[in-house]
Each structure stands twice: as C-alpha cells, then as structure tokens.
Amino acid sequence: MALDLSKVKEREALRSRREPYWQRIRPGCFLGYRPSAREGAGTWVARAYDEDQRRYHLKALGDFGKLPGRDRFADAKREAEAFAALVESGGQVEEMPKTVEEACRRYAETHSDAVGRFKRHVYSDPIAKVKLAKLRRHHLQAWRKRLEDKPALVTRRKKGPQVTRDRAPSSINRDMAMVRAALNTVLAPGAPDTEAAWQEALKSIRNADRQRTLYLDRDQRRALLEKVDAEAAPFVRALCLLPLRPGAVAGLKAGDFDKRTSELTIGKDKSGKPRRILIPAGAAKFFAAQVKGKLTHTPLLARANGKPWDKETWKTPIAEAVVAAKLPAGTTAYTLRHSTITDLVNGGLPLLTVAQISDTSAEMIERHYGHLSRLAAAEALAGLAL
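Per my numbering, the sequence shown runs over residues 63 to 448.
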C-alpha cells in the first residue's frame, strides 16, 4: 500500500530515520518527510529530476511548524511542485550541502556570528570533509574531544610567545551550539542511543556558565575612568553607563542615537536582532556629546584614527588602567557590563526588564543575579517589619 503523507496519523506512526519517507507527487517530483526523533514537527524535503544532468536535486523545505498538522502536507506539496518546475525549466537550483563544511558555510551566510567559530574549529578540522550522509555520532565525538583539548588563546599577538589556557566549558558549549544549529538545518536527529544519533555527541556541558563574581562598585569604576588613557575614556565610560556587551558598544554608529527621544538602537549584538532602548538623562547627555559633528554611518565611539574599537584594541588600555587604579586582577571590559547589571538588579529593576536591556534571557539573569534580587526583596520586607 502506497504511503500517504497527507494523513497526520500515518505520518505520526512513522519511525524516525535519516532517509526521508518519499511520496511520488508526479513523474520526476517527490515529497519526502523525516519524522522528528523527539517531540515536535518532522521536516519536509523535495526531490526533483533534472533531465539535462540526469540526476535528482534535493531541497530542504523545513517543518511548516507554524501551520496545523493537517495543512502542512498541502504547503509542502506546493513548494515541492514549484521546486520541480524550477529544475525542469533549467532554473538555478540550490544544491543540498554534501559535507559538514558545506552545511556550516551555508549556515554562516545568514549567521555572521558563526563565521569566526567555523573558521577556527571546523573548516581546518577532519570533520569538515565528512559527508552528511555518512555522519555518525563517533565523528562528532572525536571532533568534540579535539575541541576540548585545543588550548584557548589569551593573547593574539602576531609576534612573541602566545599565552594560552584550558578552554572553558562555556566556550565549548558555544562552539558546539553553532555546529549543532548548522547541522539541524539539513539533518534530522538520529534515533537515540544509536550511531545515527549525531546530535547526542553535541550535548551541552551542564552548569558550564559560571556565576560572575568580580564586581566593581561605583568608586572603583570612577578610579578606572581616571586612570584610563584619554583615547579609550569615552568607550570605557559608555560601558560604565549601560549594561551592554563591549562588542555591542564598539559596533554603535553615530546614527544609532536619537537625541530627540534619548533612544539608542543596538544593532550588532549577540542575538543578531536590533533593539531600541531608552537611556537615562546622564547617559543621553554623554552620547549627545559623542555624536556631535559625526556622520550617521561613522563609529559613535571611535579611536583616534577614526576606526571602531575591538577586542584587540580596548584590552590593553583597560588592563593598564586596572593596574594603575589598583583594581582586582582579572578586571576586563566585560566586568563593567556585569557590574552595571548588578547595580540595576540591586536597584529593584525587574529581572525581565534587565534581560531585555542587556540582550540576554531572563533565565540567565535569574541564574547569575537572582540571588541579588531575592536579597533586595528580603531587605525590603525586613524594613517593613521594623
């Protein structure tokens, strides 16, 4: 009896496997379905025959997860027929990636934050050449072991000895997450506890995100600003005023600040999605002075040569100021973000609001700073008791 993918119950009865279940739509046009190994919608694939090249082309269609289950087949069928028509007319066809490297490069085209990680940990590694059709759990387990054993660079100077340290579990998790996301776009999860379960090799290390403990109070931050080099002072002051990542501050353009509404648009940040925040009067006055006379496309906080700050240029002046101000060893640009978030939480700002401003999840704020919020609440209750 021929498989009928249009029936939800028939699709749900299919067991998970790497090869899609195919249904013939018409000669040269097939629609495939991969059931999910976990709960959730399965993914659809189109297959069309190319007469000129005498071979089939494949196209991933996604899971149509926003549609009711009864409507997914119709939309997937429509896209499969459109793909077949494109192939038959000799149109440009996007080939399915064949290797891990090809899958990662395609993912990086729309996720710029993955480019650097793939260059460092995938493209030059043996995993890059493994064909997706033959990818197994042991391939990724071996890659993960190489990743964990690879030392992390503390300095990236071109000359002189390189200082390294053991790779932090949180860094390993971030590197694996990018690869897992790239493979998820082209591969269905394999059956659990089998070699086909490639996803099991990329499970995150639990409790890898250590609670941040290094905090600079306002007096210490003022001391840092007094000692920092004049060129870096505006950049460091911005980090003291707002709970933003250093990279997000460095990526700000003059046109991102609206003097009329005191709003700041943060475009380059971890989430990749631009957001607008309303900043307090003191910060607004500072940013208004910084944008004066600048073109909208130029860096809001530029170096003396007009170029934006980056990790390699901001760390030296901050490190020198830390020593001069006799601040705790280990103080970095990121310490200022943590300190500002700590002040906001201690000030009673709701954790969800803090998370939205700082571009992180409420779960992360609760994990790292929730004890401060609870302490503030306890102190408030104690005050009421008095």
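Every residue gets a Cβ at the ideal spot worked out from N, C-alpha and C, and that includes glycine.
Values in this document were obtained by computation on a predicted structure and should not be read as measured data.
Taking the C-alpha atoms as reference points, what is the distance between residue i and residue j?
i: Arg-365; j: Phe-319; result: 18 Å
i: Ala-424; j: Val-416; result: 8 Å
i: Lys-356; j: Leu-202; result: 49 Å
i: Ala-310; j: Arg-284; result: 22 Å
i: Arg-268; j: Arg-109; result: 39 Å
i: Ser-232; j: Pro-379; result: 26 Å
i: Leu-363; j: Pro-370; result: 7 Å
i: Arg-280; j: His-400; result: 13 Å
i: Val-241; j: Pro-254; result: 19 Å
Suppose the cutoff is 7 Å on Cβ atoms and the five residues either side in sequence are ignored; what does the same chain contact list for residue i look like?
i: Thr-375; result: Arg-365
i: Leu-129; result: Asp-137
i: Gln-282; result: Leu-389
i: Lys-207; result: none
Quick one: residues in its chain with C-beta nearer than 8 Å to the C-beta of residue i, no 5 flanking neighbours on either side, listed in chain order?
i: Arg-337; result: Thr-327, Ile-328, Asp-331, Gln-418, Asp-421
i: Arg-132; result: Val-70
i: Asp-66; result: Glu-72, Gln-85
Take residue i as the anchor and find which of the options has the nearest alpha-carbon.
i: Gln-352; options: Pro-296, Pro-342, Ala-395; result: Pro-296
i: Arg-86; options: Gln-282, Ala-138, Gly-152, Gln-203; result: Ala-138
i: Glu-257; options: Val-107, Ala-75, Arg-79, Lys-369; result: Arg-79
i: Asp-186; options: Leu-148, Trp-205, Arg-198; result: A quick correction: the sequence has Ser, not Asp, at residue 186. Among Leu-148, Trp-205, Arg-198, the Cα nearest to that of Ser-186 belongs to Trp-205.
i: Met-158; options: Val-248, Ser-401, Ala-147, Leu-148; result: Val-248
i: Pro-89; options: Val-149, Pro-254, Leu-215; result: Val-149
i: Thr-226; options: Ile-234, Lys-212, Ala-239, Leu-194; result: Lys-212
Inspect the beta-carbon positions of residue i and residue j and report whether they are closer than 8 Å.
i: Ala-250; j: Arg-96; result: yes
i: Asp-228; j: His-183; result: no
i: Ala-142; j: Leu-123; result: yes
i: Leu-301; j: Leu-209; result: no
i: Gly-104; j: Arg-73; result: yes
i: Lys-372; j: Ala-292; result: It should be noted that the sequence gives Asp, not Lys, for residue 372. No, the Cβ-Cβ distance between Asp-372 and Ala-292 is not below 8 Å.
i: Ala-146; j: Cys-91; result: yes
i: Ala-387; j: Leu-245; result: no
i: Ser-68; j: Phe-126; result: no
Just grab the DSSP bridge partners of residue i for me.
i: Phe-92; result: Arg-86, Arg-109
i: Arg-227; result: Ala-214
i: Glu-325; result: Asp-320, Leu-340
i: Leu-120; result: Arg-109
i: Glu-161; result: The sequence as given places Thr at residue 161; Glu does not occur at that position. Beta-bridge pairing links Thr-161 to Lys-193.
i: Pro-308; result: According to DSSP, which records beta bridges pairwise, Pro-308 is partnered with nothing at all.
Which same chain residues end up closer than 6 Å to residue i when comparing Cβ atoms and leaving out the 5 residues on each side of it in sequence?
i: Thr-360; result: Ala-316
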